[in-house]
Amino acid sequence: MGKDLKGNPLPPGIMQRKSGIYRGRFYYKGETYTKDNADLKKLVQEMEDLRYEVKHGLKGKGDNITLDTWFDIWLNTHKKRTIKESTQVRYDDFYRRYIKKQIGQQRVADFNPIILERLLQNMADDDYSTKTIRDVYNILNAMFKYAVHNRILTFNPCAGVEVPKTKTKQIRVLTVKEQREVLEHAKERIHENLIQVALGTGMRGGELLGLTWDDVDFRKREISVNKTLVYIKDKETKKYVFKYQTPKTKNSIRTIPMQDSVYKALKRQWIQLKEMQLSASEWQPLEGFENLVFVGKNGKPITEHTFQVTLDWIEKSINKERKKQAEKNKTVFIPIPHFYPHALRHTFATRCFEAGIDAKVVQGFLGHYSIAITLDLYTHVTDDKAKSEMDKLQNLYKEII
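Next up, the structure:
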């Protein structure tokens, strides 16, 4: 290990010249690579970047870089210095969901505005929201700007690309009838209690999956929301791991009162977990996650994907029953519209408004930082509520007329 001019130890591969300038050097496949900088911290980062480029065949070979490789460099080398880990998780998830399968293996050098416009237009044709399409564009634009900055490209192919606009999607909310169906078909499923708590609290998916028993106060009948569970790629091992993170905003840290359905669901969950621990031959909870409220059959944390798979199964079960009843009654089969875990949060909020709960209180339940968000998202009423309100008006008119 080398030392600086004052005798202090230096990181491996770095020396300090008599001029005071630091020099980094390493060897790879018979080649020597060096960098100089007067700032030691900057040099350490530059050497880390250079090693990555050399080992991944990027140094002097910009024509061969795929979009997948460049995304990894952009996110884990460039952006990681300026964004929170939770934002890094969101970018990574977004890329894997909307970009990777479509264009991830194409070379960065081959991109042009037509390819990108085709990608965005295909998303519009598939009914993705304008916001989602805009987010995809923003990520690609930032990646290509960084490629231009590093002289991988001479121009940004996102320049001049227009983001197509789509119709604003209506927020998916379960009707009262649909909510009853979901709860009925969730019975006896391993995640029945998770769905019951989701519909009874309006908690976000990551908040529910990160809930631990020390957050549950049965005596006070309260739930403390103070963390979220994410499934994120580890920067060192490049493998996906579970981690706790602080909630979305400081307003997300909150206490939610337990209504009876939630209280009973959590009591059932407590008993069921004890039974599962005794009967499961492969009960192996992950270290640091032993106290989770909602887990899989093996005691390990569950992902939001698993949550969605459970809802998909319930959706199929409901449609099977609806189809059976339609054939029996010789009526038209109408399937339940598809829904995601976030629809359960929307449904809780809508039931709150239908019950006449003040918007400010609902804001507190949901953990929104602004009342405007609560009102913008949830002031619509369902068809069931609209009809009942119109019936009230109709009865009044009968008295007048």
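Numbering (our numbering), first residue to last: 148 to 548.
We treat Cβ as the ideally placed atom computed from N, Cα and C, and that holds for glycine.
According to DSSP, residues forming a beta bridge with glycine 171:
DSSP lists Ile161, Lys182 as partners of glycine 171.
Which residues does DSSP pair with arginine 401 in a beta bridge?
Paired residues: Val372.
In whole angstroms, give me the CA-to-CA distance for tryptophan 460 and leucine 157.
Rounded to whole angstroms, tryptophan 460 to leucine 157 spans 57 Å at the Cα level.
Whole angstroms is fine: what's the gap from glutamate 474's alpha carbon to leucine 458's?
Each residue's alpha carbon lies about 24 Å from the other.
Close Cβ partners of threonine 375 (< 6 Å) along its chain, the five nearest in sequence each way excluded
Cβ within range, chain order: Gly353, Glu354, Gly357, Gln392, Pro394.
Using the Cα positions of glutamine 343 and tyrosine 487, report the straight-line distance between them to the nearest angstrom.
Roughly 15 Å between the two C-alpha positions.
CA nearest to the CA of aspartate 219, picked from Lys397, Val255, Trp417, Asn184:
It is Val255 whose Cα lies nearest to the Cα of aspartate 219.
Identify which residue in Leu266, Asn297, Lys471, Asp272 has its Cα closest to the Cα of tyrosine 284.
Looking at Leu266, Asn297, Lys471, Asp272, the one whose alpha-carbon comes closest to that of tyrosine 284 is Leu266.
Using CA atoms only, rank isn't needed, just tell me which of Leu439, Lys390, Arg368 is closest to aspartate 407.
Closest in C-alpha terms to aspartate 407, from the list Leu439, Lys390, Arg368, comes Arg368.
My guess is that threonine 359 and leucine 439 are in contact by the Cβ rule of under 8 Å, so how many angstroms apart are they, rounded?
Between leucine 439 and threonine 359 the Cβ distance is about 6 Å, and since that is below 8 Å, they are a contact.
Go through the segment 331–374 residue by residue and report every complete run of the alpha helix (DSSP H) that reaches 4 residues or more, in order.
Counting only runs of 4 or more, we get 339–348, 352–356.
Between lysine 165 and the rest of its own chain, which residues show a CB-CB distance below 8 Å, the 5 nearest in sequence each way excluded?
If we look at lysine 165 and ignore the five residues flanking it on each side, its Cβ neighbours are Leu152.
Return the bridge partner residues of tyrosine 387 from the DSSP annotation.
Tyrosine 387 pairs with Lys380.
Just to check my reading of the structure: valine 310 and asparagine 303 have Cβ atoms closer than 8 Å, yes? What is that Cβ distance to the nearest angstrom?
So it is not a contact: roughly 15 Å between Cβ atoms.
Leucine 214 versus valine 323: straight-line alpha-carbon distance, rounded
When rounded, the distance between both Cα atoms is 45 Å.
For threonine 348 and valine 409, which I take to be in contact (beta-carbon distance under 8 Å), what is that distance rounded to the nearest angstrom?
Threonine 348 to valine 409, Cβ: 6 Å. Contact.
Close-in-space but distant-in-sequence residues of the same chain around glycine 149 (CB under 6 Å, 5 per side omitted)
Answer for glycine 149: Leu157, Met162, listed in chain order.
Roughly how many whole angstroms lie between the Cα atoms of lysine 208 and alanine 519?
Bear in mind that a pLDDT of 49 at lysine 208, under 50, signals an unreliable position, so the number given afterwards is only what the model happens to contain. Their backbone Cα atoms lie some 50 Å apart in a straight line.
Could you have a look at proline 260 and say whether DSSP puts it in helix, strand or coil?
Helix, per DSSP.
Taking C-beta to C-beta, are phenylalanine 389 and proline 484 nearer than 8 Å?
Not in contact: phenylalanine 389 and proline 484 (Cβ atoms no closer than 8 Å).
In terms of residue numbering, what span does the alpha helix (DSSP H) encompassing glutamate 309 cover?
No alpha helix (DSSP H) holds glutamate 309; DSSP gives it neither H nor E.
Where does the unbroken alpha helix (DSSP H) through lysine 475 begin, and where does it stop?
Here the alpha helix (DSSP H) through lysine 475 covers 451–476.
Going by the DSSP bridge assignment, what does leucine 439 pair with across the sheet?
Looking at the DSSP output, leucine 439 sits in a beta bridge with Thr359.
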